[in-house]
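The structure appears below as structure tokens.
Number of protein chains: 6
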Amino acid sequence: MLAFGAHPDDIEFTCGGVIAQETDAGRAAHFVVCSRGEAGTHGAPEQRVAEARRAAALLGATVEFVELDGDSHLEVRAAHAITLAGVLRRVRPGIVLAPSPTENQHPDHWRLGRLVCDAVRLARFGGVRELRESAPHGIAQLLFYAPTREAEPDKISPVLIDISRPEIIATWVAAMEAHGSQTSARNYVEVQLTRARLHGLGAGVEYATALFPADPLVFSSLSGLGRGTRGL
Amino acid sequence: MLAFGAHPDDIEFTCGGVIAQETDAGRAAHFVVCSRGEAGTHGAPEQRVAEARRAAALLGATVEFVELDGDSHLEVRAAHAITLAGVLRRVRPGIVLAPSPTENQHPDHWRLGRLVCDAVRLARFGGVRELRESAPHGIAQLLFYAPTREAEPDKISPVLIDISRPEIIATWVAAMEAHGSQTSARNYVEVQLTRARLHGLGAGVEYATALFPADPLVFSSLSGLGRGTRGL
Amino acid sequence: MLAFGAHPDDIEFTCGGVIAQETDAGRAAHFVVCSRGEAGTHGAPEQRVAEARRAAALLGATVEFVELDGDSHLEVRAAHAITLAGVLRRVRPGIVLAPSPTENQHPDHWRLGRLVCDAVRLARFGGVRELRESAPHGIAQLLFYAPTREAEPDKISPVLIDISRPEIIATWVAAMEAHGSQTSARNYVEVQLTRARLHGLGAGVEYATALFPADPLVFSSLSGLGRGTRGL
Amino acid sequence: MLAFGAHPDDIEFTCGGVIAQETDAGRAAHFVVCSRGEAGTHGAPEQRVAEARRAAALLGATVEFVELDGDSHLEVRAAHAITLAGVLRRVRPGIVLAPSPTENQHPDHWRLGRLVCDAVRLARFGGVRELRESAPHGIAQLLFYAPTREAEPDKISPVLIDISRPEIIATWVAAMEAHGSQTSARNYVEVQLTRARLHGLGAGVEYATALFPADPLVFSSLSGLGRGTRGL
Amino acid sequence: MLAFGAHPDDIEFTCGGVIAQETDAGRAAHFVVCSRGEAGTHGAPEQRVAEARRAAALLGATVEFVELDGDSHLEVRAAHAITLAGVLRRVRPGIVLAPSPTENQHPDHWRLGRLVCDAVRLARFGGVRELRESAPHGIAQLLFYAPTREAEPDKISPVLIDISRPEIIATWVAAMEAHGSQTSARNYVEVQLTRARLHGLGAGVEYATALFPADPLVFSSLSGLGRGTRGL
Amino acid sequence: MLAFGAHPDDIEFTCGGVIAQETDAGRAAHFVVCSRGEAGTHGAPEQRVAEARRAAALLGATVEFVELDGDSHLEVRAAHAITLAGVLRRVRPGIVLAPSPTENQHPDHWRLGRLVCDAVRLARFGGVRELRESAPHGIAQLLFYAPTREAEPDKISPVLIDISRPEIIATWVAAMEAHGSQTSARNYVEVQLTRARLHGLGAGVEYATALFPADPLVFSSLSGLGRGTRGL
């Protein structure tokens, strides 16, 4: 599994619980962070990189930094999409997580979401000259995460991932708090736990994270759909 | 699994392939048909009832008829929702299939969809006086089917069910053709196979049926999401 | 051409210009008015019926009254849809005009829009017992009109009908003013002319009326599409 | 008529039937192709250019290549919009076809769609310094085509163009098959014929292509609207 | 201010904080409850009525019961809208609160929302025969409340009402807990406080309630708009 | 209050009445115009700048020109957003007006709207290196204006600002007519007055301007909401 983040703490805050659960089940997770958070109000870039490394380790994930235009300077350029497609061909993930391309949020977030959308297509094409060295790769799923409620895509039905196990929540909180430069300044941990609690209350579990599949899910039988929230 | 249809052929035409596949895997299916199709241009009611019984048998399903207001006369009445809730409490299904409540289709279709939405709620409530004899029941999933493309809900992302196995398609076609009073009059079989082929082409399989979950799907891990259509 | 109105003045105010133009070109127009406006603040029912007759005559149209539940009492009943389907089979129109089924407007308006949607389907079905005396009829087009801007359907792209010829506007205004019980109480004429002027300014003509086709338009060549508003 | 395509086969696959019908009726068609398809998995650029020329000839159209950023490298730049506006001023078309600007598709497609939107505006403005040599030009209609169903604009009602005549379908298929580098690799022809058959079934004809007008259609009378799909 | 509720606890759970704040500021509040909650799983009707009376008293509001079709039996009937219009003419409120007419919720909720929409129109019309005894009344604002997140109208931008003052929250919680038959069975209080906290976090305050104006707000200057959530 | 315009006349035509009313009430207004209108069909850049200065003076506003890419050449670049964020930090407004980011309009308009969205975020961030000299600033409200009806955001409910006072309308018209190079060529004044009249008719006043808040409005009591259009 591969997760993209525009800033050092985006992945952890928005889907750290899901990732903790995946790695706890023995599945590999890799983070690609596209800036060092240098435009933020709090935290020097070196500190933020260190926080990201520590948070990834807590979540059982590896992390790399792929610099594009810098924090708060990201633009939607074909060259960036090709760079990210190259990462996809190297890491060859099944599931990819990226910020939603919904525009009502931090400009780096939706632009990275758009770039990842493009990158997952380019990674499949055989003739892109910058990528000729690497074998094409088609991912299994692109799932969007929403850093805030305003960033939730309004055209895509969410899927809710149950992350209720106490040790998963504890790991998630630890990973968020590893970003001490941010959590000491504002109540980001409470925001995300409140969102996860509300999704959990809707799903009839303790905590849940909403993710938004870029494409329709394909199942081989109805039993694969598990249950919905209707039973409540 | 319980499927509701407004007319004797609705279930077979729209999700016969999915049902054939479920019963083939050993899961039970029951149909509730809410009219005898007596307003249609072709086929006497007795013939249509017989066709429905034969089609259900071909699909490995049982069928019952629950008369509400009659073909083309259906209204959204609380009494009907309570009647259908009573059926839900008796059959006690996990998954429920119903026509989408999207209004741009045969008026009986969307009204039945709306009634089923209400019924799955009422089936859970302990105090509905007409239902006091039966134990409350919460279903696992309500999935809408769309008799035509115009009836696909525009607010819900579809899930695609792969129904490519040749014997499944053969069973589905047989069940559709069991409605000879209809298939001899218009090319309904071709319409549905063309839709399923187009969904299949999008999903990278031979044939697929699109269903629309009324509520967010809840998963306990990302691996439950299977794959999307993005890999194509 | 057949136009449905919930109250004696609805057709004239919302699409009187279009109708004047059609009848001026020699095409027949018939109005079906489903109440006598008896719940309005101004005008006795007899006066309103007389005004409607006079307005229809000015527009070159015939008019009949089909009482359903009465002004401000309309409900969506299967029996009403069948009644209107019977009218459709008798009049056998190509184009049908009806108020939009968008709910944010006078409750009679959207309910009549919904009933007409159902009626145009029922008029085609061979087996509806109440309609067995009359031959099925399929219309060519169902076009919605919007009594107010809030009533414009947000899922349907409008088509703009150019009604700029001064004699057409004059006839339209005369037909609106024939409803003196209403126009003496509020500035309805100005509202509708302002809307038509704004649509006209958008279309590069003097005045235009927006209509909303219930179904996709089918053309046999691109030249049928005329021009869009893009050239401005 | 002028059609824009991002890659050598886009126009033929998505609206070849419509174009065959227009040229068959004696109307001129010109294609502007904005890359040589060099990033695709199959087919060398020279081969693809040759295929495009042959396909255009089969459709009775002329074709030119306007290189922008190259296949899979297209960006939304003001300079590109001005380049395309220059083409519009030179060719001076009435109807313009372009890929939809809906983002859920190949990144070159929606970006070209967006650029063409901008270009049709710029072509009308008198003071754009790069365009001062040419006379401003306002087109009659901008119609979007959708390479896949996901690319269909969800805010615009489609119009369906009946392309059922067997010789038109034969010409369309021949033009698609002229792109042998692509059709030998995947079943693109079947995909497009299946889509056209489904649209045709909805419209009551053999085959139809859905197009999406960028702006409201303006008609001078209701008779111009032809018929809708409601009659079926 | 007049608030409508379908069941004895709807108003308190969804907008009790807002009401506490209004009555605390000296503005009158009246509740109209349209069933005795007799279909619920928990609580006898008499108990629920008593709970509603106590909760209203805690909120500083008066309450009356207007029986329509009974809990879980509500239908959209013209007669009900006229009954509620009669209440509006008697109480003559400025602001009206009602459940949203969004269909994805308890069937009584959205139907009551729809009925109130109709009632506020009918209350203005001079000629409705059942209402002739009372003077027409136009309200100032109709605001929808959403009992659950799924019930939030997706076409209306929310306004957030800051209810952060501790004594307001305390009163709200007390009013919710007055419905002990419900709160002892499920964690409804936590659900609503979590929603209010999340809205508050979005608005930069402690707690907020989202309401959805049925119609555009009219201001006499920009200074009336206060602040948005953008500053955060 | 700070208003951004892409061309010398955009602010005046779209929200000149609102601004006249604000300055009349003693609140300061500043305009930032991002081109000299040099791509337009009519008016030399110097003339247009002079017209803008005169129009601003008539409205009681100050004006500055911030050149970005030039008229009809605007691109969405991070550098531009940072430039505009610098302006926000210098001017430190409460309310900000900008063109809507809806794409169906002049390409400069929606791009400037998008840039302003980004700029209001960047203005708050402490670490943006180009902005280190200036203190972060959070605005109170971002309100979009729509140069044409097609540019109205379809996801945001409008608020209507009553601008009915005759002296306000007179000042607005004077400010529009100060752009004689444009008003002598097309009927822009009529277009805007017709729009304002239609909004006014909907709001029950003489004239109104629709604005679209980028974020939910936050109120401290229901009495802040004033009245809606429902009372009509």
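Chains as they are written, first to last, in the working numbering: chain A, 1 to 232; chain B, 233 to 464; chain C, 465 to 696; chain D, 697 to 928; chain E, 929 to 1160; chain F, 1161 to 1392.
Where a beta carbon is used, it is the ideal one built from N, C-alpha and C, also for glycine.
Check                                                                                                                                                                                   : Outcome
Hey, quick one: how far does the beta strand (DSSP E) through Gln837(D) stretch, first residue to last?                                                                                 : Gln837 to Tyr841
To the nearest angstrom, how far is it from the Cα of Glu399(B) to the Cα of Ala881(D)?                                                                                                 : 27 Å
Quick one: give me the first and last residue of the alpha helix (DSSP H) that Asp582(C) is part of.                                                                                    : Pro571 to Leu586
How about Val817(D) and Asp767(D): do their beta carbons lie closer than 8 Å?                                                                                                           : A small correction: the amino acid at residue 817(D) is Arg; Val does not occupy that position in the sequence shown. No, the pair does not count as a contact, with Cβ atoms beyond the cut-off.
When the distance is taken between beta carbons, is Tyr1073(E) closer than 8 Å to Cys943(E)?                                                                                            : yes
Might you give, ordered along the chain, the residues of its own chain that have their beta carbon closer than 7 Å to the beta carbon of Thr647(C), omitting 5 neighbours on each side? : Met640, Glu641 and Val653
Counting only runs that start and end within the stretch 710 to 793 of chain D, where is the alpha helix (DSSP H) found for 4 or more residues in a row?                                : 741 to 754 and 774 to 787
Which whole-angstrom value is the C-beta distance of Pro45(A) and Glu51(A), which I expect to be below 8 Å?                                                                             : Going by Cβ atoms, the distance from Pro45(A) to Glu51(A) rounds to 11 Å, so no, they are not a contact pair.
Is it buried or exposed, Ala1370(F), if we count other Cβ atoms within 10 angstroms and call 16 or more buried?                                                                         : buried
Let me make sure I understand the geometry here. Which of Ile1255(F), Pro1168(F), Arg1274(F) and Gly1362(F) has the alpha-carbon closest to that of Leu1320(F)?                         : Gly1362(F)
Put Arg650(C) into one of helix, strand or coil per three-state DSSP.                                                                                                                   : coil
Taking all protein chains shown into account, decide if Ala1295(F) is buried (16 or more other Cβ within 10 angstroms of its Cβ) or exposed.                                            : exposed
Using the beta-carbon of each residue, which ones in chain D are nearer than 8 Å to Ala238(A)?                                                                                          : Lying before the first or after the last residue shown, residue 238(A) is absent from chain A, which here runs from 1 to 232.
Mind listing the chain A neighbours of Phe1285(F)? Cutoff is C-beta to C-beta under 8 Å, in chain order.                                                                                : Ala39, Gly40, Thr41 and Ser72
Which residues in chain E have a C-beta closer than 7 Å to the C-beta of Val360(B)? List them in chain order.                                                                           : Ala967 and Ser1000
Closer than 9 Å by beta-carbon distance: list the chain D residues that pair up with Arg121(A), in chain order.                                                                         : Ser768, Gln801, His802 and Pro803
Just list the residues that DSSP pairs Val191(A) with in beta bridges.                                                                                                                  : Per DSSP, none; premise fails for Val191(A).
Are any of the Cβ atoms in chain D nearer than 8 Å to that of Thr255(B)?                                                                                                                : no
Which residue from Cys349(B), Leu457(B), Asp242(B) and Ala252(B) puts its Cα closest to that of Ala317(B)?                                                                              : Cys349(B)
Is any heavy atom in the ligand MG found nearer than 7 Å to the beta carbon of Asp937(E)?                                                                                               : With respect to the ligand MG, the structure offers nothing, as it holds no ligand at all.
Going by C-alpha to C-alpha distance, which of Ala1163(F), Ile1299(F), Phe1173(F) and Thr1262(F) sits closest to Val1193(F)?                                                            : Ala1163(F)
Count the other C-beta atoms from every protein chain shown that fall within 10 angstroms of the C-beta of Asp706(D), then say buried if there are 16 or more, exposed otherwise.       : buried
Could you tell me which chain E residues have their CB closer than 8 Å to the CB of Asp386(B), listed as they occur along the chain?                                                    : Those do not exist, as Asp386(B) stays about 11 Å from chain E at its closest Cβ, beyond 8 Å.
Does the structure place the stretch 612 to 629 of chain C close enough to the stretch 912 to 921 of chain D that three or more beta carbon pairs sit under 8 Å?                        : yes
Can you tell which of Pro1373(F), Ile1329(F) and Gly1384(F) has its C-alpha closest to the C-alpha of Gln1181(F)?                                                                       : Ile1329(F)
Would you call the stretch 839 to 854 of chain D and the stretch 789 to 802 of chain D in contact, with 3 or more CB pairs under 8 Å?                                                   : yes
Please confirm if Ala831(D) has its CB atom under 8 Å from at least one CB of chain F.                                                                                                  : no
With DSSP as the reference, please indicate the residues paired to Leu466(C) in a beta bridge.                                                                                          : His494(C) and Val560(C)
Is it buried or exposed, Gly722(D), if we count other Cβ atoms within 10 angstroms and call 16 or more buried?                                                                          : exposed
Does any CB atom of chain C fall closer than 8 Å to the CB of Gly722(D)?                                                                                                                : no
Using 10 angstroms around the beta-carbon of Glu64(A), count the other beta-carbons present and answer buried if the total reaches 16, otherwise exposed.                               : exposed
If Gly272(B) sits next to Gly591(C), beta carbons under 8 Å apart, how far is it from one beta carbon to the other, in whole angstroms?                                                 : 5 Å
Starting from Thr635(C), follow the alpha helix (DSSP H) in both directions and report where the run begins and ends.                                                                   : Pro630 to Glu641
Below 8 Å between beta carbons: does that hold for Ala725(D) and Ala751(D)?                                                                                                             : no
By the criterion of Cβ-Cβ separation under 8 Å, what are the contact partners of Asp476(B) in chain E?                                                                                  : Outside the shown range of chain B, which is 233 to 464, sits residue 476(B), and nothing can be said about it.
Which one or two residues does DSSP pair with Leu1139(E) in a beta bridge?                                                                                                              : Val1087(E)
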